[in-house]
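Student: Every letter in the sequence shown is one number past the one before it in the working numbering, and letter 440, counting from 1, is 476.
This is the structure I have questions about; it appears just below.
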Amino acid sequence: MKRFTTMWLREWGMVKMLAVILGTWLPVCGVAISGEQREVLRAGTAKTDITPTKPVTLAGYGSRKDLSQGVHDPLSARVVAFEQNGKRLVLVSTDILGFYGGTAASIRKAILETCGLEPSELFLTAIHTHAAPTPTRGGDKAHPNNVEYTKTLETQLVATVREALAHTAPVEVAAGSGSSPVGVNRREVVHDAAGKPQVRLGRNPAVLTDREVQVVRVSRADTGGVMALVFGYATHSTAMGPGNYLVSGDVHGLAEQFLEKHLEGGVVAPAFAGASGNIDPWFRVLPKFNTAKGWIPEAVLMGTMLGEEVVHVLDGLRKPIASGPIKTAFQTLALPAKPRGKIDAATGGESPEFNLTVGRVGDLAVVGLGGEVFDEIGKAIKAASPFPHTLVITHCNGAAGYLPTKEAYPEGGYEVESSSFAPTAAEEVVKESLRLLREVQSAEK
């Protein structure tokens, strides 16, 4: 019996070694997945609290100089990680403004190296709330509390992605969409004393915008229980303005919180900001969360309204979409640039880098744009996409600033004047996005 056991163990060891050689065991952040499981679409989720524990400089408004004075609602980082046949697609939603000042590259590097991900497999994003800390690596104007916060945030994000990848289970995915009026075009046309039209930041409801609420349900294949509810919507999270000194997830973050409270059961509900460079919430840049005389703070009202539309879409989802394959692509675009401050220049200046990340999970495509992209650009990508469901997200894997449409340049305005890009840059982003969508579509099912 002892001899038989020894022989069995020796043979089993050889089988395991052969499996490694043939690639039928896949290490994922230290976890091995057998060949039988690899054909099945799997997903894992994780969430961590990233609310600052010290007063910090809040992001998004240059006029706001003081440190934060409290917390209205908590900030979180949420991860949904898909895996199949050794390929991964990892969605990371972070309740901050964005990864500016080179923080995207360093945090991505830490996550990629720790978890063995390819650059194209990681979609590191921010919901673009203007009531969260400014991530920074340091410098003359950086507050030490923000530097400390950024270091902690990197550690947290690495650990959260690792956790999601380490606890995957077979899943089914469904996708659908609804509509919400929360976002509105913010390029308001006014006239100066001479009657000349000018564009300022305000509210311009006469311009049709993309109101689509994109929803992706990730459910356990065995029980049907919802693990994650991914949603995307095109608006800035700027209900709260520079007069507000309370930490908050603003519209997107409050929608996430509403959904997780409503759905219960540990459901993770990561939000993603759609193409919203020229879109603000209907109520914008308010000085405080007003609760006097039963008043519902506008950010809470709009976040709840967005969250409830996500639930309505969820209730109507039935048939799962195709469960594979997973394929991803990543490209850094050198787009045509313009001299800073020149609104009518077609060329010139230094070409800023713009990161473009595209992936698919079966019939679901994800397009990650590394800047603040105008609404029309996102609509153009979705309209021409070869996939039945295309989730367009911004502030993804970089922070290249505003990307207006060519038509916006003669009008001027804040976004055009502050953009580094020439008028033709948007067309190139649409073209390259569609090219990569066709590339990932070519994967065999």
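Note that beta-carbon positions come from the ideal geometry of N, C-alpha and C, so glycine has one too.
Find the nearest neighbour of T430 within the set T89, I417, P278 and H179, judged by alpha-carbon distance.
Tutor: Ranking T89, I417, P278 and H179 by Cα distance to T430 puts I417 first.
Student: Roughly how many angstroms separate the alpha carbons of A358 and F267, rounded to a whole number?
Tutor: 19 Å
Student: For A435 and G398, what's the separation of their Cα atoms in angstroms?
Tutor: 28 Å
Student: I need the straight-line Cα distance from T426 to L237, nearest angstrom please.
Tutor: 29 Å
Student: To the nearest angstrom, report how far apart G302 and A264 are at their CA atoms.
Tutor: Cα to Cα, G302 sits roughly 9 Å from A264.
Student: Of all the options G279, I315 and G343, which has the alpha carbon lying nearest to the alpha carbon of G289?
Tutor: G343
Student: At the level of alpha carbons, what is the spacing between Q475 and A113?
Tutor: Before going further, note that residue 475 is Glu rather than Gln in the sequence given. Their Cα atoms are separated by approximately 30 Å.
Student: Which class does T186 belong to by DSSP, given the choice of helix, strand or coil?
Tutor: helix
Student: Would you mind working out which of G106, D131 and L153 sits nearest A117, comparing C-alpha positions?
Tutor: L153
Student: Our contact map puts G219 next to T271 with C-beta atoms below 8 Å; I'd like the distance itself, whole angstroms only.
Tutor: 3 Å
Student: Based on DSSP bridge pairs, tell me the residues matched to S213.
Tutor: Q250
Student: When we look at the beta-carbon of P459 and count the other beta-carbons within 10 Å, is it buried (16 or more) or exposed?
Tutor: buried
Student: Compute the Euclidean distance between the alpha carbons of G449 and A419, then round it to the nearest angstrom.
Tutor: 27 Å
Student: Where does F267 fall in DSSP's three states?
Tutor: strand
Student: Measure the alpha-carbon distance for P317 versus E75 and round it to whole angstroms.
Tutor: 42 Å
Student: Buried or exposed: which applies to H227, given that a residue is buried once 16 or more other Cβ atoms fall within 10 Å of its Cβ?
Tutor: exposed
Student: Report the option in C151, Q234 and V115 whose CA atom is closest to the CA atom of A162.
Tutor: V115
Student: Looking at the strands, I want to know which residues DSSP matches up with Y438.
Tutor: Y438 pairs with E408.
Student: Could you give the distance in angstroms between the alpha-carbon of L353 and the alpha-carbon of V209?
Tutor: One Cα belongs to L353, the other to V209, and the distance between them is close to 10 Å.
Student: Measuring CA to CA, which of V409, H108 and F423 is closest to V336?
Tutor: H108
Student: Over what stretch of residues does the beta strand (DSSP E) that includes G80 continue unbroken?
Tutor: Residues R78 to D85.
Student: By Cβ distance, which residues of its chain are closer than 7 Å to P323, with the 5 residues on each side in sequence left out?
Tutor: Excluding sequence neighbours, P323 sits near G277, G279 and N280.
Student: Use the C-beta contact count for D411: other C-beta atoms within 10 angstroms, 16 or more gives buried, fewer gives exposed.
Tutor: buried
Student: Looking at the unbroken alpha helix (DSSP H) that takes in T89, where does it start and where does it end?
Tutor: Annotation for T89: no alpha helix (DSSP H) segment contains it, and DSSP assigns it neither H nor E.
Student: Quick one: what does DSSP say F457 is sitting in, helix, strand or coil?
Tutor: strand
Student: Under 7 Å between the Cβ atoms of Y185 and V243?
Tutor: no
Student: Measure the alpha-carbon distance for P361 versus R396 and round it to whole angstroms.
Tutor: 7 Å
Student: Assuming the contact rule is C-beta atoms closer than 8 Å, P306 and L133 should be a hit. Round their C-beta distance to whole Å, please.
Tutor: Going by Cβ atoms, the distance from P306 to L133 rounds to 16 Å, so no, they are not a contact pair.
Student: Looking at C-alpha atoms only, which residue of R471, L148 and I86 is the closest neighbour of A401?
Tutor: R471
Student: Work out the CA separation of D102 and A140 for me, nearest whole Å.
Tutor: 25 Å
Student: Put V401 into one of helix, strand or coil per three-state DSSP.
Tutor: A small fix is needed here, since residue 401 is Ala in this sequence, not Val. Shown here, A401 sits in a strand according to DSSP, grouped into three states.
Student: In the DSSP output, which residue or residues are listed as bridge partners for I315?
Tutor: Its beta-bridge partners are N221.
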